[in-house]
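All remarks here apply to the structure that follows.
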Amino acid sequence: MEDLFTNNRTTYRLFELNNIIKNVISSALPDTYWVVAEIAEAKLNQKGHCYLELIEKEDSRTIAQVKANIWAYEYRKLSHKFQAATNESLKPGMKVLLLVAVTFHEVYGLSLNVKDIDPAYTMGEMALKKREVIERLTKEGIMGLNKSLSLPLVPQRIAVISSPTAAGYGDFFGQLDNNPYGYAFTHTLFPALMQGAEAEQSIIAALRQARQKRDLFDVLVIIRGGGSAIDLNCFDSYNLASQVAKFPLPVITGIGHEKDDTVVDMTAHTKMKTPTAVAEFLISGLRSFEENIIELQNRVIKYTERLIRDENYTLKTLTHRLNFVAIQLTTSLRSNVEGIEKDIRNVVKQFMQNALSRLGNLEKVVRLLDPVNILRRGYSITQHKGRVLKDVSLLRKGDGIETRLFNGVIKSVVENTKEAEESEQDQTVDLFSGIDRA
């Protein structure tokens with residue numbers, strides 16, 4: 052029946068064809084080959100065998116792809132060698148230089164059996180990639196962006212990105228909360244995977260969550276500790292490093308990388324080696340601030356005490372001077388008052404003497420001008436109708452007049468009148484002027 056369909060043509064069963072291919076490959080490619088490739092997938096089964104998917108890209112396009120395997124006994128040896136040199140495990144995205152043997156299996160097809168690995172090549176590729184990331188961040192002007200932020204004097208409100216199961220996480224908070232100075236810190240955890248293929252995106256997601264609540268915090272801390280030193284490649288990625296560089300709060304890292312700084316360490320505000328070192332840094336910052344405050348307080352107290360001493364001395368000096376001036380002023384015033392009092396007594400005495408002299412003169416004048424005394428001297432006073440007669444023209448013939456003498460009164464009747472000549476009037480004026488002066 053089979054011959055009927057084959058019609059005497061040469062045919063092969065699939066197993067036979069695959070076996071031919073296997074023999075051809077085995078004959079044509081008997082040796083091992085150093086191959087450069089990128090790991091697209093890496094899986095480790097329960098038996099310890101590692102299965103890889105290797106690719107080669109050109110302009111982001113895959114131009115070659117093949118499966119590879121590392122048997123358990125080889126994987127234990129090669130993984131230890133690789134991790135010891137690079138601090139990394141084999142994982143997707145990593146470029147490797149592998150010593151492989153080309154094999155073909157009738158069921159599983161073509162694959163490469165890994166015999167050895169050269170960590171130096173991967174380290175060079177990692178260093179090149181890291182350098183390219185640093186150059187890109189520098190060109191974009193964000194490499195030192197986070198470092199330009201001012202670290203608060205008292206950073207007590209702390210946002211933390213870490214894995215809650217990490218040993219370093221517990222050490223960090225234990226040291227903060229039990230610091231010997233009794234400083235109070237508040238801390239909020241934004242959980243993230245800190246190793247593995249998903250670590251980069253997990254940390255970026257935590258950064259975005261913390262950014263939304265940035266007003267609640269003074270600083271952001273990224274800590275990783277307590278595990279192996281492998282799987283730190285994500286901290287050299289551009290995406291994560293740029294997020295840290297542009298974060299609006301100062302970022303402090305403590306991811307436990309002892310041999311070299313990651314790009315995230317370089318873009319962060321402050322880099323410490325371990326979570327414990329980060330806690331010590333924060334505590335020492337508060338301690339330094341407190342010491343500065345205490346020193347300033349002591350300086351203020353000393354300055355105040357010196358100022359009080361100086362002012363007391365000045366006050367005492369002024370008091371002594373004031374007392375001396377007061378005594379001098381009192382003495383001077385007393386002397387002046389005594390002089391003024393003496394002058395007043397002299398003035399009063401002189402005034403009284405002058406007044407008495409004038410009073411005596413006035414008394415003499417009064418006595419001289421007393422009508423009785425004038426009448427005694429031979430003068431008389433003539434009255435007409437009860438008034439002293441001063442003008443002869445006021446009289447008429449027949450008017451009655453009274454003439455008062457020193458010792459009596461003469462009543463007369465006017466027969467005629469005669470006005471005095473001008474010369475006679477002058478004599479009369481002179482006469483009475485003399486009386487006034489007397």
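Under our numbering, think of the first position of the sequence shown as 52, with each following residue one higher. Glycine included, every Cβ here is placed at the ideal spot set by N, Cα and C.
Based on DSSP bridge pairs, tell me the residues matched to residue i.
{"i": "A152", "result": "T83, N164"}
{"i": "I121", "result": "C101"}
{"i": "V270", "result": "I209"}
{"i": "F241", "result": "I212"}
{"i": "T94", "result": "Per the sequence presented here, residue 94 reads as Lys, with Thr not at that position. DSSP lists Y102 as partners of K94."}
{"i": "E186", "result": "Note: E186 sits in no beta bridge, so no partner."}
{"i": "I432", "result": "R455"}
Anyone know if the C-beta pair for residue i and residue j falls short of 8 Å?
{"i": "L271", "j": "F298", "result": "yes"}
{"i": "P242", "j": "S214", "result": "yes"}
{"i": "G336", "j": "K324", "result": "no"}
{"i": "N197", "j": "I334", "result": "no"}
{"i": "V211", "j": "H238", "result": "yes"}
{"i": "I303", "j": "A292", "result": "no"}
{"i": "K166", "j": "L148", "result": "no"}
{"i": "G99", "j": "A123", "result": "yes"}
{"i": "R418", "j": "N424", "result": "yes"}
{"i": "E307", "j": "R275", "result": "A quick correction: the sequence has Gly, not Glu, at residue 307. In this structure, R275 lies closer than 8 Å to G307 by Cβ."}
{"i": "S431", "j": "L456", "result": "yes"}
{"i": "I168", "j": "L105", "result": "no"}
{"i": "M145", "j": "I90", "result": "yes"}
{"i": "G449", "j": "K462", "result": "no"}
{"i": "L300", "j": "R357", "result": "no"}
{"i": "L420", "j": "H435", "result": "no"}
{"i": "L202", "j": "M194", "result": "no"}
Using the three-state DSSP reduction, which class does residue i fall into: helix, strand or coil?
{"i": "M194", "result": "coil"}
{"i": "R385", "result": "helix"}
{"i": "E470", "result": "coil"}
{"i": "G449", "result": "coil"}
{"i": "E107", "result": "strand"}
{"i": "L68", "result": "helix"}
{"i": "I486", "result": "Reliability fails at I486, whose pLDDT of 46 lies under 50, so the model's placement of it is uncertain and the value that follows must be treated cautiously. Helix."}
{"i": "T321", "result": "strand"}
{"i": "I114", "result": "strand"}
{"i": "G336", "result": "helix"}
{"i": "R455", "result": "strand"}
{"i": "E249", "result": "coil"}
{"i": "S293", "result": "helix"}
{"i": "I461", "result": "strand"}
{"i": "G144", "result": "coil"}
{"i": "G437", "result": "coil"}
{"i": "E89", "result": "strand"}
{"i": "M52", "result": "Because M52 sits at a pLDDT of 47, beneath the cut-off of 50, its placement in the model cannot be relied upon, and the point is left open."}
{"i": "T304", "result": "strand"}
{"i": "E341", "result": "helix"}
{"i": "Y63", "result": "coil"}
{"i": "Y126", "result": "helix"}
{"i": "N74", "result": "helix"}
{"i": "N138", "result": "coil"}
{"i": "L179", "result": "helix"}
Which whole-angstrom value is the C-beta distance of residue i and residue j, which I expect to be below 8 Å?
{"i": "A136", "j": "P170", "result": "4 Å"}
{"i": "F491", "j": "V315", "result": "The requested residue 491 is not part of the displayed model; the chain covers only 52 to 489."}
{"i": "M522", "j": "A217", "result": "Summary: the structure shown does not reach residue 522, with the chain confined to residues 52 through 489, and so no result is reported for it."}
{"i": "I251", "j": "S288", "result": "For clarity, residue 251 is Glu in the given sequence; the question names Ile instead. Between S288 and E251 the Cβ distance is about 5 Å, and since that is below 8 Å, they are a contact."}
{"i": "C101", "j": "A93", "result": "7 Å"}
{"i": "L258", "j": "Q294", "result": "5 Å"}
Check whether the Cβ of residue i sits closer than 7 Å to any heavy atom of the ligand SAH, and report yes or no.
{"i": "I452", "result": "In the structure shown, the ligand SAH is absent, as is every other ligand, since no ligand is present at all."}
Taking the runs of the beta strand (DSSP E) that are 3 residues or longer, which of them lie wholly in the region 352-429?
-> None, since the region 352-429 contains no complete beta strand (DSSP E) of that length.
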